[in-house]
Each structure stands twice: as structure tokens, then as C-alpha cells.
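Below is one structure, written out as C-alpha cells, with a few remarks after it.
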Amino acid sequence: MREIRFNEETLRDGQQSLWANRMPTGPMLPIAPAMDRAGFGSINIMSGSAFEACILYLNENPWERLRLLAQLMPKTDLQILIRGRSAFGWRRFPNDAIELLIKCLQKSGIQGLAIFDGLNDLNNIKWHFQVAQEIGLQVHPALVFALSPAHSDAYYAAKARECAELGVHSVSLADASGLLTPERVRTLIPAIRSAIGNLDLSFVSHCGTGLGTACYREAMKLGVDILSTASLPLSQGNSIPSTWEILSYARENGLKARLDDFLIRKIDDYFYWVAYQEKKPVGQAVSFNPAQYIKYAAHQIPGGMMSHLVSQLKNLGLERLVPEVLDEAGRVRQEIGYPVMVTPFSQIVGVQAVFNVIQKERYRTVPSDLCLYARGYYGEPAAPIDPNVKDRILQGEDPTPIDPTENYLEPVV
Numbered sequence: 544m545r546e547i548r549f550n551e552e553t554l555r556d557g558q559q560s561l562w563a564n565r566m567p568t569g570p571m572l573p574i575a576p577a578m579d580r581a582g583f584g585s586i587n588i589m590s591g592s593a594f595e596a597c598i599l600y601l602n603e604n605p606w607e608r609l610r611l612l613a614q615l616m617p618k619t620d621l622q623i624l625i626r627g628r629s630a631f632g633w634r635r636f637p638n639d640a641i642e643l644l645i646k647c648l649q650k651s652g653i654q655g656l657a658i659f660d661g662l663n664d665l666n667n668i669k670w671h672f673q674v675a676q677e678i679g680l681q682v683h684p685a686l687v688f689a690l691s692p693a694h695s696d697a698y699y700a701a702k703a704r705e706c707a708e709l710g711v712h713s714v715s716l717a718d719a720s721g722l723l724t725p726e727r728v729r730t731l732i733p734a735i736r737s738a739i740g741n742l743d744l745s746f747v748s749h750c751g752t753g754l755g756t757a758c759y760r761e762a763m764k765l766g767v768d769i770l771s772t773a774s775l776p777l778s779q780g781n782s783i784p785s786t787w788e789i790l791s792y793a794r795e796n797g798l799k800a801r802l803d804d805f806l807i808r809k810i811d812d813y814f815y816w817v818a819y820q821e822k823k824p825v826g827q828a829v830s831f832n833p834a835q836y837i838k839y840a841a842h843q844i845p846g847g848m849m850s851h852l853v854s855q856l857k858n859l860g861l862e863r864l865v866p867e868v869l870d871e872a873g874r875v876r877q878e879i880g881y882p883v884m885v886t887p888f889s890q891i892v893g894v895q896a897v898f899n900v901i902q903k904e905r906y907r908t909v910p911s912d913l914c915l916y917a918r919g920y921y922g923e924p925a926a927p928i929d930p931n932v933k934d935r936i937l938q939g940e941d942p943t944p945i946d947p948t949e950n951y952l953e954p955v956v
């Protein structure tokens, strides 16, 4: 009987997607021992945005959260999510800062690093792999899914093969925007599997379009080794599927899972209580709407960026322009090489779309971040930038290409 393993994401993805990382450390601690005994293959407990929320909104020390959770969960591999060269910040850090961060994470009890780059440019994160491997941490790179002609099955297979050749412990396909469909899963998962052989293949997809659970069901049939899930109250909506639901489907498909049913239910009940105590919403299932999916797939602006964009236009008395801005965002994204719409690229595309619409002249005003992007500062996009658009972006600016790795050796620590 084939075994499927679970990566628990309540404390990271679940509360990030539904509660904007506003769960304090206190409510996490009483349930941590039960989570440790429940049989999860790993538990992802934090990310850079959670670090930021601890400091800016919760008045907490994020390092103390890591240490406390590590003490209470000694049996399970604890992971943390790192956002490429930005790590836990908004600027890009050189090698010595990345090395110091990774070593501090290990000392705080972290055993595995989930690492992604917004452009899926592995040159930006190879150093992370090397440092982690040298000190004995597990390396779990995530390839971020996006829809475009450039993001083909062959593209992801090539990226996965490159990860495998770098000696990582698993490769993850991460659909942060809920763009995957069951039909695409049926071709994409086999392509990645053929590229990585027997290396562990992990899968996560969000439920904002109503397709997350269906994609999980297909993925487990196709031989995925690890699925990321969350407790029931912190699943669905813009989050990921629940552990209980996916566990049930796995058993229906004849798969073995080493999860304790009683403890999974206990964890679900506990976080319902936390939601009540903290006055937070619980996740609700979203029904798939084909028309809305088509509109969303055209621009791929994530929920957090979308709410900010609408709010800003409303404050300017320009809320009527939202549909036009979204259409323009899809066009800008296409012209600059189809970046995955995660931080900072969703902001770069969104801001440029607003300027183009409001000023009624495309690329009349270009933010400095887009100029840097066009010069290669952030890495290599999936497709070339339209040369005419690139000329407009860099008009009056230094057009010299930037090697994103050239400053990685300059010490800052």
C-alpha cells in the first residue's frame, strides 16, 4: 500500500491566508504537543510575512515563537518558508546575510527550509541550498505555478530537474493563486515526476477559485508523496484544503497515512475555539465559477494585492477604473515576460497598470522597481520582455543589464 505524507500548514499558510498572520504565539502553544504527536511528516510554522506581523502588529519576538514551538514539537520536522533573496525582508540580501539567517534558524529549532524564488530563477537561491546542506538542514524548493504560454509542463520539468541535480530533499509544486485545474494537474505532475525520479514530490494548491480540493484528489492519484493541508477552520477560502478532508480522500483511494484521527479532530476543534476567542473568520468552501476563473486567470492578481488595489483606487475616487486596471495588468504582465504574481512582482505589475490607465498613456511613468526588473535585477523571467516595451521602460534610464548575482559576495554583516 502506497503511503502519502502530510505537511501541516495551519500555523503558516492557514493563518496567513485567512487571518493575515494575526494569530498570536500564545494560542499556538497549548495545541503544539498534540500536533507533534499527530503523525505529520513535517509542520511549517512560519514565514517572512509572519515575522513582519509579529513585529509590526502583534508586538512579539518571532524568534521566541520559533524557539517555543520547537521545544513543544521535538518529534516532527519543523519547516519555515523563505522568500528567495528577500528572505524575511523587502530588500535583496547578499550571501553572508542569508547564511547568518539560515544558521540562526537552525539554532532556533528549524530542521527544513521551504524556499522559493518569485521568478523560479534557481540562481537566486542556490546559495540557500548550499548553506543549508552544509549544516545539515533539509532543502525543499518550491516551484511557483503560474499560467502563461511560457509556464509549460516542459518549463516546470526542467526547473524540477535542475533542483534534483542540486541535491535537494524534495521538490514542491506550489500553486499559491489557485490557478491549477485538475486537467492541468494530470499532465503537469507526471512531467515533474519524470524529471525528478524517486525524489519526493510535494504539492500545495489554494482554494480561492474552488479547485484546490479537486486538484489534490488528482495529485494523490498521480503519485505525489507529500500534501500540504491545514486544520479545518483554517482551510478553504483563500487557504488550502483541510487535513481531515484530504485524509479521507486518500484512504478512499487506498493510500496509507500515518495520521491519528483523534488528534486531527482535536486540532480542528482547538482552532475553532481559537477563531472564536480571537474573533477571526473560519474558512468557507468556494464554488468554482468558470466565468470568474477566466477573468482571474487573465491578470492573476492575488487577493491581498487586489484588496489593496481596489482600496487605493476608491480613495482616489477612481473605483470605476478597477475593471480597466485589471485588464491592463494582464497586458503589462504579458509584455514583461509573465512574472509569477507574487511579491514583489504583483505589486510591480499592479502599480504600472494603475499608472497606464490613470495617465492614459502607457509607460509614461515607470516606477524604479520595474526599471530594475527590466535590467535583470530580480533574475530571469520565464519569457523575454517585449523589446519595444523594454525601450519605453528604460527611456532616460541606464539600460545596462544587471547581473543579480554580482552583489551577492559583498558582505553586509
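Using the numbering used here, the letters of the sequence shown correspond one by one to residues 544 to 956.
Think of the CB as a built atom: it goes at the ideal place given N, C-alpha and C, for glycine as much as any other residue.
If you're wondering where the values come from, they're calculated on a predicted model, not measured in any experiment.
Classify residue i as helix, strand or coil using the three-state DSSP reduction.
| i | result |
| --- | --- |
| His842 | helix |
| Met571 | helix |
| Gly880 | coil |
| Lys618 | coil |
| Ile625 | strand |
| Leu861 | coil |
| Gln938 | coil |
| Ser889 | helix |
| Ala657 | strand |
| His712 | coil |
| Glu871 | helix |
| Lys809 | helix |
| Ile668 | coil |
| Asn550 | strand |
| Lys799 | strand |
| Ser771 | strand |
| Val829 | coil |
| Phe746 | strand |
| Leu648 | helix |
Any idea if residue i is buried or exposed, counting beta-carbon neighbours within 10 angstroms, 16 or more meaning buried?
| i | result |
| --- | --- |
| Met566 | buried |
| Leu869 | buried |
| Phe549 | buried |
| Val956 | exposed |
| Arg555 | buried |
| Met848 | buried |
| Lys799 | exposed |
| Asn899 | buried |
| Leu952 | exposed |
Thinking residue i and residue j are a contact (beta carbons under 8 Å), I'd like their distance in whole angstroms, please.
| i | j | result |
| --- | --- | --- |
| Ala925 | Ser691 | 7 Å |
| Leu680 | Ile645 | 7 Å |
| Asn666 | Gly922 | 7 Å |
| Ala575 | Leu612 | 6 Å |
| Gly780 | Gln827 | 6 Å |
| Ser774 | Ile844 | That pair is no contact at about 28 Å. |
| Met884 | Ala707 | About 26 Å; that fails the 8 Å criterion. |
| Val829 | Pro776 | Actually they do not touch by this definition, with Cβ atoms about 15 Å apart. |
From the options, pick the residue whose C-alpha is nearest to that of residue i; which is it?
| i | options | result |
| --- | --- | --- |
| Arg876 | Arg905, Met616, Ser629 and Gly893 | Gly893 |
| Ala872 | Arg905, Gly753, His671 and Tyr836 | Arg905 |
| Leu709 | Lys669, Pro947, Tyr699 and Leu609 | Lys669 |
| Arg935 | Leu913, Glu953 and Val955 | Leu913 |
| Gln558 | Val674, Asp664, Ile783 and Asn550 | Ile783 |
| Ala563 | Leu643, Cys597 and His694 | Cys597 |
| Pro944 | Val955, Leu915 and Ala840 | Leu915 |
| Asn587 | Glu551, Arg610 and Val865 | Glu551 |
| Phe805 | Gly780, Met578 and Pro947 | Met578 |
| Ile625 | Ala896, Gly661, Arg608 and Thr772 | Gly661 |
| Phe746 | Leu770, Glu607 and His683 | Leu770 |
| Leu686 | Thr730, Gly627, Val865 and Glu677 | Gly627 |
| Gln938 | Asp639, Asn638, Arg907 and Ile844 | Arg907 |
| Asp639 | Arg608, Gln614, Tyr815 and His671 | His671 |
| Thr568 | Arg545, Met544, Ile547 and Leu615 | Leu615 |
| Val682 | Tyr813, Val714 and Pro605 | Val714 |
| Thr772 | Leu754, Arg794 and His749 | His749 |
| Tyr839 | Pro910, Gly751, Phe688 and Gly655 | Gly751 |
| Gly655 | Val674, Asp803 and Asp664 | Val674 |
| Leu722 | Gly755, Ala738 and Val829 | Gly755 |
| Glu878 | Tyr698, Ile891, Phe814 and Gln902 | Ile891 |
Quick check: the region 785 to 802 against the region 739 to 747, are at least 3 beta-carbon pairs closer than 8 Å? Touching, no.
Are the region 755 to 768 and the region 721 to 729 touching, with three or more C-beta to C-beta distances below 8 Å? yes
Contact between the region 612 to 630 and the region 574 to 583 (3+ Cβ pairs under 8 Å): yes
Report yes or no: do three or more beta-carbon pairs, one from the region 841 to 861 and one from the region 631 to 641, lie closer than 8 Å? no
For the structure I just gave you, are there three or more beta carbon pairs, one from the region 830 to 842 and one from the region 803 to 822, closer than 8 Å? Not touching, per the Cβ criterion.
Between the region 930 to 947 and the region 649 to 658, can you find at least three pairs of beta-carbon atoms closer than 8 Å? no
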